[in-house]
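S.K.: For the sequence shown, position 9 matches number 9 in the UniProt record's numbering, and the numbering has no gaps at all.
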Amino acid sequence: MDAAQFQQVAKALAEPRRLEILTAIATHDELSCREIVEQFPVSQATVSHHIKELVKVGLIETRRAGQYCYYSFRAEVLSIYITQLQQLLTINIQQKSPERI
Numbered sequence: 001m002d003a004a005q006f007q008q009v010a011k012a013l014a015e016p017r018r019l020e021i022l023t024a025i026a027t028h029d030e031l032s033c034r035e036i037v038e039q040f041p042v043s044q045a046t047v048s049h050h051i052k053e054l055v056k057v058g059l060i061e062t063r064r065a066g067q068y069c070y071y072s073f074r075a076e077v078l079s080i081y082i083t084q085l086q087q088l089l090t091i092n093i094q095q096k097s098p099e100r101i
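(1) What do you reckon, are the CB atoms on SER72 and GLU30 nearer than 7 Å?
(2) Buried or exposed: which applies to ALA12, given that a residue is buried once 16 or more other Cβ atoms fall within 10 Å of its Cβ?
(3) In the DSSP assignment, what residue or residues form a beta bridge with CYS33?
(4) How many angstroms separate the CA atom of TYR68 from the CA atom of GLN84?
(5) Grab the span of the alpha helix (DSSP H) containing PHE6 for me, first residue to last.
(6) Report the residue from GLN39, CYS33, MET1 whose alpha carbon sits nearest the alpha carbon of THR62.
(7) Exposed or buried, what is HIS28 when buried is set at 16 or more other beta-carbons lying within 10 Å of its beta-carbon?
(8) Do you know offhand how far VAL42's Cα is from GLN8's?
(9) I believe GLN44 touches VAL55 by the beta-carbon criterion, under 8 Å. Please report the beta-carbon distance rounded to the nearest angstrom.
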């Protein structure tokens, strides 16, 4: 994951409703757009917008079955993001810690 992708994932996760939608999808094998809309008190257009952003950064993937779309969580993308975030935090902590001899 390059720096631009890292920033896009961070931005996607920073939106509270998007994070809720991602959590809902992650707790199931997959969910349809209708099932997601039923769980949240927002319009289908709003849910579709959030899903579009999550797909764009690779956190969820789409499976089409006829006229329906199903969404599933891509844990490997979040895992890569978390690993890189941990590396950044480790570097930051090391730079701020006094050297020990």
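The C-beta atom is built at its ideal place from N, Cα and C for all residues, glycine as well. Note that the coordinates shown come from a computational prediction; the quantities given were computed from them, not determined experimentally.
M.R.: If we stick to the structure as given:
(1) yes
(2) buried
(3) DSSP, once it has assigned bridges, lists no residue as partnering CYS33.
(4) 35 Å
(5) 3 to 14
(6) CYS33
(7) It counts as exposed.
(8) Computed Cα separation, rounded: 23 Å.
(9) Their Cβ separation, rounded to whole angstroms, is 16 Å, which puts GLN44 and VAL55 out of contact at 8 Å.
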